[in-house]
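A.B. asks: Encoded as structure tokens, here's the structure I'll be asking about.
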Amino acid sequence: MTITIAGMRKRFGQTEVLRGIDLSIEKGELVALLGPSGSGKTTLLKIIAGLEWPDSGALNVDGQNWLNLAAQDRRIGFVFQHYALFPHMTVRDNIAFGLSVRPRAERPGKAIIAAKVSELLEFLQIAHLGDRYPTQLSGGQRQRVALGRALAIEPTVLLLDEPFGALDAAIRRDLRNWLRSVHDATGSTSIFVTHDQEEAFELADRVVVMGEGQIEQIGNADQIHDHPASPFVARFMGATV
Ligand code: ADP
21 MTITIAGMRK
31 RFGQTEVLRG
41 IDLSIEKGEL
51 VALLGPSGSG
61 KTTLLKIIAG
71 LEWPDSGALN
81 VDGQNWLNLA
91 AQDRRIGFVF
101 QHYALFPHMT
111 VRDNIAFGLS
121 VRPRAERPGK
131 AIIAAKVSEL
141 LEFLQIAHLG
151 DRYPTQLSGG
161 QRQRVALGRA
171 LAIEPTVLLL
181 DEPFGALDAA
191 IRRDLRNWLR
201 SVHDATGSTS
211 IFVTHDQEEA
221 FELADRVVVM
231 GEGQIEQIGN
241 ADQIHDHPAS
251 PFVARFMGAT
261 V
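Take a look at the structure:
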């Protein structure tokens, strides 16, 4: 899916959180939204997901106006920090969740859901964990299950908000490589939010640097490191290296 955002603005009370965002993301791209806390990254992701609505601006996906589409009609998979796994459900049931709550007419049969979940467990390399509950898993394993839940609906767009935020450095590195291969294998268009430069530059095809509700620069590691487009980008890159 090609995602086109134009002139997007959003305010919460007195604060203008998005101040005119223009961004195009090509089908199959893996893009990072990078910026300090409070720069509007999560708000932009939520608008794409259909969890927030902008005050003005356009969101088109493959030419279709997504602002007229409810969240459940957008075929989006998301891994947001606060959408934790359901603690009372096994890993299998967590992954099946997105499929079993589909409208009846679109809902696959039980056997098909079970087969799909088994396939995903293999793909995510957690086949041995299917009957466990979330509290019986490590942080890295839980993130894989969260991603499994997002992938179950075969999303065309995958949105991830600080997907490895709470994990330690070695596991982050592992999961990063693994996410890249999952992205490549599924062919989805993926956007992830991070405030971690290393993570953004290692994983993404393109990095979108945000500051105070605006896009400051879009590019790859070399472009942004060697030619920061504004004093803000130069400071941000310097400050957190
Ligand atoms: P980031 O993901 O870059 O940290 P956010 O998009 O989460 O930034 O937040 C941008 C700003 O919008 C912050 O100042 C935050 O406090 C504010 N904000 C986000 N969501 C809400 C909300 N639902 N109500 C009021 N303010 C909000």
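Residue numbers (the working numbering): 21 to 261. We put the CB at the ideal spot given by N, CA and C, even for glycine.
(1) What did DSSP end up calling residue 98 once you bin it into helix, strand or coil?
(2) Check whether the segment 24-35 and the segment 197-208 are in contact - that is, three or more C-beta pairs closer than 8 Å.
(3) Go through its chain and collect everything with a Cβ distance to residue 170's Cβ below 7 Å, but skip five positions before and after it.
(4) For residue 152, which residues from the same chain have a beta carbon less than 6 Å from its beta carbon, with the 5 sequence-adjacent residues on both sides left out?
(5) By Cβ distance, which residues of its chain are closer than 7 Å to residue 27, with the 5 residues on each side in sequence left out?
(6) Can you check which of these residues, 213, 172, 93, is closest to residue 119 by C-alpha distance?
(7) Skipping 5 residues on each side, what residues in its chain have a beta carbon closer than 6 Å to that of residue 25?
(8) Pick helix, strand or coil for residue 206, following the three-state DSSP scheme.
(9) For residue 184, which three-state DSSP category applies?
(10) Span of the alpha helix (DSSP H) holding residue 66?
(11) In three-state DSSP terms, what is residue 137?
(12) What's the C-alpha gap between residue 187 and residue 218?
(13) How many whole angstroms separate the CB atoms of residue 175 and residue 208, which I take to be in contact at a CB cut-off of 8 Å?
(14) Is there contact here, the segment 138-148 with the segment 42-62, by at least three beta-carbon pairs under 8 Å?
(15) Classify residue 237 as buried or exposed, calling it buried when 16 or more other Cβ atoms lie within 10 Å of its own Cβ.
C.D. replies: Let me lay it out:
(1) strand
(2) No contact exists between the segment 24-35 and the segment 197-208.
(3) 97, 98, 99, 178
(4) Around residue 152: 111.
(5) Residues 40, 42, 76, 77, 78 of the same chain have their beta carbon placed closer than 7 Å to that of residue 27, with the five preceding and five following residues left out of the count.
(6) Of all alpha-carbon atoms in 213, 172, 93, the one lying nearest the alpha-carbon of residue 119 is that of 172.
(7) Only 41, 43, 79 meet the Cβ criterion.
(8) helix
(9) When secondary structure is reduced to three states using DSSP, residue 184 falls in the coil class, being assigned neither helix nor strand.
(10) Unbroken alpha helix (DSSP H) run through residue 66: 61-69.
(11) helix
(12) Distance between the alpha carbons of residue 187 and residue 218 is about 15 Å.
(13) 6 Å
(14) Not touching, per the Cβ criterion.
(15) buried
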